[in-house]
Every structure is written in structure tokens, then in C-alpha cells.
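There are 2 protein chains.
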Amino acid sequence: MQQLTIVKIGGNIIDDEARLTSFLKDFVSVRGHKILVHGGGKVATEIGIRLGIEPQYVNGRRITDAATLEVVTMVYGGLINKRITAQLQSLGCNAIGLTGADANIMPAVKRPVKDVDYGYVGDISSDHVNGVMLKTFLEAGLVPVLAPLTYDADGTMLNTNADTIAQEVAKRLAGITTVQLIYCFEKKGVLADAGDDTSVINGITTADFEMLKADGIISDGMIPKLENAFAAIDAGVIKVSIGHAADLHDIISGAAGTSIL
Amino acid sequence: MQQLTIVKIGGNIIDDEARLTSFLKDFVSVRGHKILVHGGGKVATEIGIRLGIEPQYVNGRRITDAATLEVVTMVYGGLINKRITAQLQSLGCNAIGLTGADANIMPAVKRPVKDVDYGYVGDISSDHVNGVMLKTFLEAGLVPVLAPLTYDADGTMLNTNADTIAQEVAKRLAGITTVQLIYCFEKKGVLADAGDDTSVINGITTADFEMLKADGIISDGMIPKLENAFAAIDAGVIKVSIGHAADLHDIISGAAGTSIL
Numbered sequence: 001m002q003q004l005t006i007v008k009i010g011g012n013i014i015d016d017e018a019r020l021t022s023f024l025k026d027f028v029s030v031r032g033h034k035i036l037v038h039g040g041g042k043v044a045t046e047i048g049i050r051l052g053i054e055p056q057y058v059n060g061r062r063i064t065d066a067a068t069l070e071v072v073t074m075v076y077g078g079l080i081n082k083r084i085t086a087q088l089q090s091l092g093c094n095a096i097g098l099t100g101a102d103a104n105i106m107p108a109v110k111r112p113v114k115d116v117d118y119g120y121v122g123d124i125s126s127d128h129v130n131g132v133m134l135k136t137f138l139e140a141g142l143v144p145v146l147a148p149l150t151y152d153a154d155g156t157m158l159n160t161n162a163d164t165i166a167q168e169v170a171k172r173l174a175g176i177t178t179v180q181l182i183y184c185f186e187k188k189g190v191l192a193d194a195g196d197d198t199s200v201i202n203g204i205t206t207a208d209f210e211m212l213k214a215d216g217i218i219s220d221g222m223i224p225k226l227e228n229a230f231a232a233i234d235a236g237v238i239k240v241s242i243g244h245a246a247d248l249h250d251i252i253s254g255a256a257g258t259s260i261l
Numbered sequence: 262m263q264q265l266t267i268v269k270i271g272g273n274i275i276d277d278e279a280r281l282t283s284f285l286k287d288f289v290s291v292r293g294h295k296i297l298v299h300g301g302g303k304v305a306t307e308i309g310i311r312l313g314i315e316p317q318y319v320n321g322r323r324i325t326d327a328a329t330l331e332v333v334t335m336v337y338g339g340l341i342n343k344r345i346t347a348q349l350q351s352l353g354c355n356a357i358g359l360t361g362a363d364a365n366i367m368p369a370v371k372r373p374v375k376d377v378d379y380g381y382v383g384d385i386s387s388d389h390v391n392g393v394m395l396k397t398f399l400e401a402g403l404v405p406v407l408a409p410l411t412y413d414a415d416g417t418m419l420n421t422n423a424d425t426i427a428q429e430v431a432k433r434l435a436g437i438t439t440v441q442l443i444y445c446f447e448k449k450g451v452l453a454d455a456g457d458d459t460s461v462i463n464g465i466t467t468a469d470f471e472m473l474k475a476d477g478i479i480s481d482g483m484i485p486k487l488e489n490a491f492a493a494i495d496a497g498v499i500k501v502s503i504g505h506a507a508d509l510h511d512i513i514s515g516a517a518g519t520s521i522l
């Protein structure tokens, strides 16, 4: 089986039509097998507000109540996923848009209520990702486009973090083929100086990570991203990179972004 | 390849949760390969109105403007398609929700503007249905759940009639395996007396159809349905039936509904 590249894009690209189109053109020319994982973006919040549903947060985390679940199922699974899929098709890339329910590729468990009830949020683990079915799709020449939605044994859709989906799918498929994982976000990579976009750190080892954390150089939002990246490497993913969506090919070649080693 | 049963359900079932669940339980126990095609239902219109989009009709046909296309992409491709898929999974049926863009299974052409501009409406033909890919899915043990959405070469999603999708997919796959096509609607079948639900005509031939039309027994809405059914038979579909969603197994056995011969 060919090498597999898994790319995750977030809301900042999805919300900007020109940037999304430009990114998709770059994505299409990535060689070998590939999977695209997309996040949500502001459009779900906007449509929710237009429908009279106010977003609710606890500790900065979005709560997915029943009404919000309907909105994210519509927007992530319908609007965004199908728009990306149709656009990739028009670029000659045989994309297939999927949620976790489709072909049972990502069964999940509704997050247990502890201090906070996050509502209809799904926790997935690489053990339960349907690697065999994803392999079938890849070998049929398809490019899965994964929405940040899973489902549980009761047949309920669940809202799931796209970073986590990318990571768990990468870990599962690392047992089947050579996998590299690329997180695209709004920065050029992990920065040595948060105020200087040119201060990208090219490579980070576990030892570097501990030092950068101790020195306060890596900030709150980046810490879980990097912890996830190291967990993926530990699980056999060959390379995890973080960089700007506009630099996809340079991230792959190592000329841009931050690589986790 | 096993026999294939294609079942189309309309909005009247989709809008009623209890009836939908009951139908899906029956559908799961249909033997052999199967495909479910679903229509839209009132929920798209309701969500459109809540979003401030008034439905527009010309000659009783819905016009799909850009705002309506967003709504139907969300509701048909996201909300309804994923709800059905997740529910089928919970019943042990390995469903995969698909629009025409997914795996390029139903490329279409935006309807040319003649007297009326229907907007973002797609016309499909059995020649362009991706029978090879659908066969790949069926042979992988999957049950495709088709939303009434196609797309064109520009990567634009298009609203497409679910009856037409069921018919064109059936015609295409009739070249590959034995196909039966079942249209579920709100009546028990074609009625000899529109006021009497028990007056179901069990079988209709082309000759019967011409007589029933001439006598005014078959009304406006049923004529295109039956014309489509005869076209499917002409294209090699082994049997087309029309009946009530609650009678699925009796329709298959011939004990209920109307068969087109």
C-alpha cells in the first residue's frame, strides 16, 4: 500500500472561500493515498444563531445540546463536507465525504458526564476506527473527506474534535501503512516568539517540548496539539507536522512548518 | 452478485420519527444487496423558513436558488442522510450515506433554462451513474443511503428529485445484476377508486396503464411515477412496485402494493 498523508484543516480555512479553494488545489496534487479531515468553522455558529440557537460554552468548551447537534450534523456533515467533496471532484480528485456513521468508520462513545456535561460529544479511540474499511476506500482510489462527527451504538450522531479524529485515524492506519499527519492552522508553525511569525521552530523532540513548556514559550492552545502529535508518533505515525494551510507542499518537503520528531 | 433491492422513501415517512424507525427496521431485514434512496420532507422547508428563506415555486415545482441550495445540502445531505445512516448502523446494517458528489456516484447537469429557471437543480441519466463504484460498495457489504443531491462538473451541488435518482440508479445497475425497485409513498398502491384505500390494483401492464389514463382513474401525480416505472422495466429492471412504507415486506412478496409488469 502507498504512503498515506492525512491533512487536517480548521475553520479559519473553511470560512474563507478563496483560501479553501487554493488549499484544495494544493491538496489534490499531494502524491499517494490521502485523507482530508475538516473542522467546523464559524458557519455552524452563524447558522445556529440565525436558527435562534445561542452557542453555550463551559470552560471555553462548546456544549453540544440537542439543537446544536442538529446544526452541526447539518453544517459539518452536509454543507461543509459536501462543498469540499464536490469541489475536490471538480479538481479531478475522487473524494468521498464521510462522517463516523458512514460505513461505521468511526464509532464513538458519548462523553461520560463528570464535572461538566458536554452533551452530544463523542470520544473516539484509534482501536475503534474502522481501518479495514478506510483501506478498502483508499485502495478503490478514493480520498476520504472526514467531517468532525462520530456516532454511538444507539445511532445518535456526536460532535467530535477534528484534531482528535485526525490523530486517531492516523494512529489506526499506522498499523497498516506508512502514515504522515499534517495539521494546518493559522500560523506558520510552532513559534519561538509568539509575536514573530518568522520564528518558526523547524523540529521539536520530546526533550525540546519539555524545555519549551518550562520556559513558557509554548502556550496553552499549542500544548494539547503537541501532546497529541507526540502520542501519534509513539503509535507509529512516521511524521507529524504543523504549519500554515498555504504552505502544504513545503510542509510535506520539510521546508516549512514544524515537524514533531 | 446477489439480487439488489432499491427502495425509495419520501418526506411523509422522513417527517414522522416513529414511522421512519419502523420502516428502517423492516428495511434492515430485506435480503440481498440493497440501496435506500430518501427524499426531502418538510424539515428543509421549515429550516429554510427559520433561516428567513421563503420557498419559491413555479408551476408547482420548487425553485432552488443559492440560499435554498445551502439549506437542502445541509438538510438532505447532513441532517436526514446522517440520521438515517446512524440509525441503520444501530440496527446492525452497514449503511453509508452518499450524495452524488461522494465517490462521483451521480454526476449531473444543471438543468438548462428554458421557460423556467429551476435554479440549482440537477438532471441525471443512468448512463452517468457510477455503477462500478456502487457495485464496489455493495460487494464490500455496504448499504448505500442516497440523498436527493447530485453535483456538476464545476463542483456545485444540485438538488435532484429522489424518484428520478432511484429510477436512474436502478436502470444503471440492472446492467450489472437483478434489480427490483420499490417506491414507498403515502398510499397502499395505485387505487382503482381514489376515495377507497382498499381498491389497490395489484398489477398494471402498459395496456392497463393506457386504459386507466383514458378513463381518468390514474390522476396527475401518479402518471409520471408510472411512466418512470415503465421506463425502468424497459431498461431491464425486473420489477417495480409502488406501495405504503408500512408494507415493505408484503410489497416485496407481492401481497401488497401495485406491481408494474
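For the protein sequence lines, the chains are Z and V, in the order given.
Going by the working numbering, the first residue of the first sequence is number 1, and it counts up by one from there.
Going by the working numbering, the first residue of the second sequence is number 262, and it counts up by one from there.
The C-beta atom is built at its ideal place from N, Cα and C for all residues, glycine as well.
One thing to note: residue 271/V has its Cβ within 7 Å of the Cβ of residue 446/V. Spatial neighbours of residue 369/V in its own chain (CB-CB distance under 7 Å, excluding positions within 5 residues in sequence) are listed in chain order as 361, 383, 384, 385, 411, 412, 413, 419 and 421. Residue 352/V sits in coil when the DSSP states are folded into three classes, being neither helix nor strand. Between the alpha carbons of residue 392/V and residue 204/Z lies a gap of roughly 48 Å. Under a 10 Å Cβ-count criterion, residue 68/Z is classified as buried, with 16 or more other Cβ atoms of the shown protein chains found around its own Cβ. Below the 7 Å Cβ cutoff, chain V contributes 350 and 355 as neighbours of residue 104/Z, in chain order. The secondary-structure analysis by DSSP pairs residue 258/Z across a beta bridge with 242/Z. Boundaries of the beta strand (DSSP E) harbouring residue 405/V: 404 to 407, taken from the DSSP string. Using a C-beta cut-off of 8 Å, the region 1 to 18 of chain Z makes contact with the region 165 to 178 of chain Z, since at least three inter-stretch Cβ pairs fall below that distance. The continuous alpha helix (DSSP H) containing residue 74/Z extends over residues 66 to 74. DSSP places residue 43/Z within a helical segment (H, G or I) once states are collapsed to three. In summary, residue 313/V is exposed, with fewer than 16 beta-carbon neighbours lying within 10 Å of its beta-carbon over all protein chains present.
Secondary-structure assignment with DSSP links residue 183/Z through a beta bridge to 8/Z and 242/Z.
Identification of residues in the region 314 to 343 of chain V having a C-beta nearer than 8 Å to some C-beta of chain Z yields 331, 334, 335, 336, 337, 338, 339, 340, 342 and 343, given in sequence order. When C-alpha distances from residue 381/V are compared across 364/V, 388/V, 406/V and 331/V, the shortest belongs to 331/V. Among the CB atoms of chain Z, one or more fall inside 7 Å of the CB of residue 311/V. For the region 193 to 219 of chain Z, the beta-carbon criterion of a distance under 8 Å to any beta-carbon of chain V is satisfied by none of its residues. Across the structure, residue 509/V and residue 476/V are spaced so that their CA atoms are roughly 29 Å apart. In the DSSP annotation of this structure, residue 319/V is not part of any alpha helix (DSSP H); the continuous beta strand (DSSP E) holding it starts and ends at 317 to 319. Of the residues assessed, residue 72/Z falls on the buried side of the cut-off, its CB having 16 or more other CB atoms within 10 angstroms. Using a Cβ-Cβ cut-off of 8 Å, residue 163/Z is close to nothing in chain V; its nearest Cβ partner there is about 21 Å away. Per the DSSP secondary-structure output, residue 358/V pairs in a beta bridge with 406/V. Rounded to the nearest angstrom, the gap between the Cα atoms of residue 470/V and residue 517/V is 19 Å. Rounded to the nearest whole angstrom, the C-alpha separation of residue 21/Z and residue 335/V is 20 Å. When secondary structure is reduced to three states using DSSP, residue 109/Z falls in the strand class.
DSSP links residue 151/Z through a beta bridge to 107/Z and 157/Z. Residue 342/V sits away from residue 353/V, with the two beta carbons spaced by 7 Å or more. Between residue 451/V and residue 346/V a beta carbon distance of about 31 Å is seen, past the 8 Å cut, so the two are scored as non-contacting.
Taking each of 19/Z, 23/Z and 38/Z in turn and checking the Cα distance to residue 77/Z, the smallest one comes out for 38/Z. In the DSSP assignment, residue 37/Z falls within the beta strand (DSSP E) that extends over 33 to 38.
By the Cβ rule, the region 276 to 296 of chain V counts as touching the region 398 to 406 of chain V, because three or more pairs are nearer than 8 Å.
For a Cβ distance threshold of 8 Å, residue set 82, 85, 86, 89, 95 and 97 of chain Z lies close to residue 362/V, ordered along the chain.
In summary, the residues of the region 132 to 147 of chain Z whose CB is separated from some CB of chain V by less than 7 Å are 136, 140 and 142, in the order they occur in the chain. With a threshold of 7 Å between beta carbons, residue 415/V makes contact with chain Z.
The alpha-carbon separation between residue 268/V and residue 502/V amounts to approximately 9 Å. Sixteen is the threshold: since fewer than 16 other Cβ atoms of the shown chains lie within 10 Å of the Cβ of residue 254/Z, the residue is exposed.
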